[in-house]
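Step one of this worksheet: look at the structure below.
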Amino acid sequence: MYTLAEENYLKTIFHLEQEYGKEVSTNAIAENMQTKASSVTDMVQKLADKGLLSYRKYKGARLSEEGTVAAIKIVRKHRLWEVFLVEKLNFHWDEVHHIAEQLEHVRSEELTNRLDKFLDFPDYDPHGDPIPDKNGNIKSAEKRLLSELDKGNNGILVGVRETSKEFLQFLDKRSIAIGSKIKVLGREFFDGSMVIQVKKEQFFISKKIAENLYIQI
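For the sequence shown, counting from 1, position 63 maps to 446 in the working numbering; every step adds exactly one.
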């Protein structure tokens, strides 16, 4: 059994490993969790003592096999609860993240497996993130950030990196959702901003927005 704080750290480090593909610095963890680097160092050392990760000073942390298994279970619960909240309770995709963060700490694996079956074994959550199966397997899909596309490229929105309410509400205002076809009409190399087309609408988006949208070509 792990504490709520330990589970939050395991999940955060897992996500950062998936994004950067290497050891995760304490500063990156602190920024992501909005806490002090000194607090992160204390927790990381505690998790290392439990065999959940390896930690090298000035290099960073990497989850062990046991730590990865634990993190995937938390991620699985989080994403299944998001599906449940959207599909069965009619929450909007910008409302479910914080609620799912509370529900992900429910201990029962039986509940998680029954929830998965009740939802007909979904592959993805409302934000386009893959849901691990009960054995910890995660489907991989070819995707690129919209910011990496050149003028004339187009693709389907399959996920978002940022899940804050403000960001998702911005996408709603532009009628951008999972499954939307996005075409790059222009790109400003000075600041990375883009002109894109979604359905028949054309508008500018900033580099920051483009860096938070996953596209499948």
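All residues carry an ideal CB built from backbone N, CA and C; glycine is no exception.
Within the continuous alpha helix (DSSP H) that includes residue 452, where are the two ends? Looking at the DSSP string, the run of the alpha helix (DSSP H) that includes residue 452 is 448-470.
What is the DSSP secondary structure of residue 525, reduced to helix, strand or coil? The answer is coil: DSSP assigns residue 525 none of H, G, I, E or B.
Are residue 406 and residue 450 closer than 8 angstroms when you measure CB to CB? In terms of Cβ geometry, residue 406 and residue 450 do not form a close pair [threshold 8 angstroms].
Alpha carbon of residue 504 to alpha carbon of residue 479, nearest angstrom: Taking the straight line from one Cα to the other gives about 19 angstroms.
For residue 435, which of helix, strand or coil comes out of DSSP? Three-state DSSP puts residue 435 in coil, outside helix and strand.
Roughly how many angstroms lie between the CA atoms of residue 471 and residue 564, to the nearest whole one? Straight-line Cα distance between these residues: approximately 26 angstroms.
Using 10 angstroms around the beta-carbon of residue 499, count the other beta-carbons present and answer buried if the total reaches 16, otherwise exposed. Around the CB of residue 499, 16 or more other CB atoms lie within 10 Å, so the residue is classed as buried.
Separation of residue 456 from residue 422, as counted between CA atoms: The straight-line gap from Cα to Cα measures roughly 24 angstroms.
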